[in-house]
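Report on one structure; see the data block that follows.
Numbering (the UniProt record's numbering), first residue to last: 1 to 538.
Written out as structure tokens, the structure reads:
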């Protein structure tokens, strides 16, 4: 089992049994979240060092669970929407979150250690202790996933070792009560283990936090279909099994990557596949989500869409991502932000014009032609003046979406719904889109999913007069031309805080074309851009 430091008679926690812990918690202040989080961690670590009977330790840890859950839930909100890779301060927050789960895990491991050593007072609690150890090991992994980071190998090894120990004791299918379970059901260690593995495998689906919570709860209801066995069988028509190595440092792998290692286990996916497909069919036939134990957060169409995505991820043969299965792939260039994208498409940096007091005809001509005054930076290589692009590997490059892996482990930090431009040097084509999925590999490389905006982008400059609180002046923008065959009208990609329905702006297009337009409605909105409709001004 996992090694623990020896207890110390000099340890002096603020509470030494369930009663004193309950009194301490009744006075525990949550107003300063950072202080509360640090205090909990310090007291848990001190309790874990303190020698005490296994039963009393277990009851004390159970008394702490609710408060720890509340503090962790609030503390984790600090990472919502953060760009990746995490900044140093945000990474420190992630470490603090996983460390507090580790402190809870260490406490229950201490109980498990007492039971293994012959503490008969814990005999009836063996399944519960095992469940809690696996639970807190899984919560560590989940914290990485919610932050958009691939869990480290040590966290995986610890999680697998806990399950291997549970399996050795024959406790993997013994139910354990957990009042904090989202579905309000008793669960087994096998159910919890498989649920954690499946949620990790779905990490690259680009699910929202709400969808993650829904999938988590669904898996609690579907746990009766889970099996973990040392052998497997399959036919060509069946959903292929998935494999995991109990001595490994990663999650699930497809069956073709399984080895003959003694720790290899297999998850039969046929029962889960049938269950998901039946629920989708019943919804299509008119049954309500609640009738199928799917809750009421999503309507039938939304449930069907999520069920199909999960089925594709878990129960269908598919190519593994570049994150999970490195291989040769085409290379493209990516750039980020409207001004950077403008510079790369037009091959000239954007510079806002300033026409006050200008009499020189050449300067005036430059403004009329380019929308700005040219200077020496226009004669330099774009890289020399800071308009950088990055090499990325292409996993998938469809008409509507793409999947890419950064070639290097350094580069700009990126976030969800941020605008990006993909340039294929061979075809000379440019495509713009918004980030719909982002994850950090152990290597530090970024992996993103991109939802492309329709049309081949054209660089242009927009000008707008004062209009309420909106930004005025000049800015880099993009024109997405009409796509008649798809019946998609032309649209404009503006910086944020430029759009207001009915606003009139002037466009300076390529080849000195000029156009005045009236803005219509917002089509797409990201963190740093807004795509809008328009009509020519009268």
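For glycine and all other residues, C-beta sits at the position ideal for the given N, C-alpha and C.
Remember, it's a predicted structure, so these values are computed and weren't measured experimentally.
In whole angstroms, what separates the C-alpha of residue i from that of residue j?
| i | j | result |
| --- | --- | --- |
| residue 357 | residue 86 | Unreliable positioning characterises residue 357 in this predicted model, as indicated by a pLDDT of 40, which lies under 50. The coordinate reading is nonetheless provided below. Approximately 46 angstroms, taken between the alpha carbons. |
| residue 141 | residue 223 | 19 angstroms |
| residue 283 | residue 75 | 37 angstroms |
| residue 7 | residue 105 | 16 angstroms |
| residue 559 | residue 136 | What is shown of the chain runs 1 to 538, which leaves residue 559 out entirely. |
| residue 256 | residue 123 | 41 angstroms |
| residue 458 | residue 421 | 12 angstroms |
| residue 162 | residue 110 | 13 angstroms |
| residue 66 | residue 177 | 15 angstroms |
| residue 465 | residue 508 | 15 angstroms |
| residue 534 | residue 391 | 34 angstroms |
| residue 235 | residue 271 | 14 angstroms |
| residue 462 | residue 498 | 10 angstroms |
| residue 493 | residue 416 | 17 angstroms |
| residue 166 | residue 149 | 27 angstroms |
| residue 355 | residue 205 | The predicted model places residue 355 with a pLDDT of 42, which falls under 50 and marks its position as unreliable; any figure quoted below should be read in that light. Cα to Cα, the separation comes out at about 49 angstroms. |
| residue 290 | residue 182 | 15 angstroms |
| residue 276 | residue 530 | 37 angstroms |
| residue 481 | residue 175 | 60 angstroms |
| residue 24 | residue 14 | 7 angstroms |
| residue 526 | residue 419 | 7 angstroms |
| residue 238 | residue 199 | 21 angstroms |
State yes or no: is the C-beta of residue i within less than 8 angstroms of the C-beta of residue j?
| i | j | result |
| --- | --- | --- |
| residue 145 | residue 201 | no |
| residue 94 | residue 40 | no |
| residue 228 | residue 243 | no |
| residue 536 | residue 517 | yes |
| residue 454 | residue 478 | no |
| residue 164 | residue 297 | no |
| residue 83 | residue 414 | yes |
| residue 321 | residue 447 | yes |
| residue 189 | residue 172 | yes |
| residue 273 | residue 334 | no |
| residue 159 | residue 191 | no |
| residue 520 | residue 501 | yes |
| residue 114 | residue 48 | no |
Of the choices the options, whose alpha-carbon is the least far from that of residue i?
| i | options | result |
| --- | --- | --- |
| residue 396 | 433, 337, 439 and 330 | 330 |
| residue 399 | 416, 406, 433 and 511 | 433 |
| residue 4 | 78, 22, 108 and 79 | 108 |
| residue 70 | 185, 341, 88 and 180 | 180 |
| residue 62 | 53, 526, 129 and 30 | 129 |
| residue 483 | 467, 468, 500 and 456 | 456 |
| residue 393 | 449, 346, 339 and 349 | 449 |
| residue 54 | 45, 89, 118 and 28 | 118 |
| residue 307 | 285, 325, 281 and 291 | 281 |
| residue 295 | 231, 217, 237 and 339 | 217 |
| residue 250 | 80, 324 and 319 | 324 |
| residue 240 | 232, 429 and 247 | 232 |
| residue 147 | 81, 49 and 73 | 81 |
| residue 68 | 88, 21 and 79 | 21 |
| residue 343 | 88, 510, 132 and 48 | 510 |
| residue 512 | 460, 312 and 441 | 460 |
Let me check one thing: in DSSP terms, what residues is residue i bridge-paired to?
| i | result |
| --- | --- |
| residue 446 | 440 |
| residue 394 | 404 |
| residue 483 | 488 |
| residue 254 | 242 |
| residue 419 | 434 |
| residue 535 | 518 |
| residue 270 | According to DSSP, residue 270 bridges with nothing at all. |
| residue 331 | 393 |
| residue 542 | The requested residue 542 is not part of the displayed model; the chain covers only 1 to 538. |
| residue 336 | 420 |
| residue 530 | 494 and 525 |
| residue 478 | 459 and 493 |
| residue 111 | BP columns for residue 111 are empty, so no partner. |
| residue 414 | 84 |
| residue 176 | 187 |
| residue 149 | 440 |
Of all the beta strand (DSSP E) runs that stay within the bounds of the stretch 217 to 247, which reach a length of 3 or more residues? 242 to 245
Length-filtered (4 minimum) alpha helix (DSSP H) runs lying within the stretch 273 to 329: 300 to 315
Within the stretch 41 to 85, note down every full alpha helix (DSSP H) run reaching 4 residues or more, in order along the chain. 54 to 76
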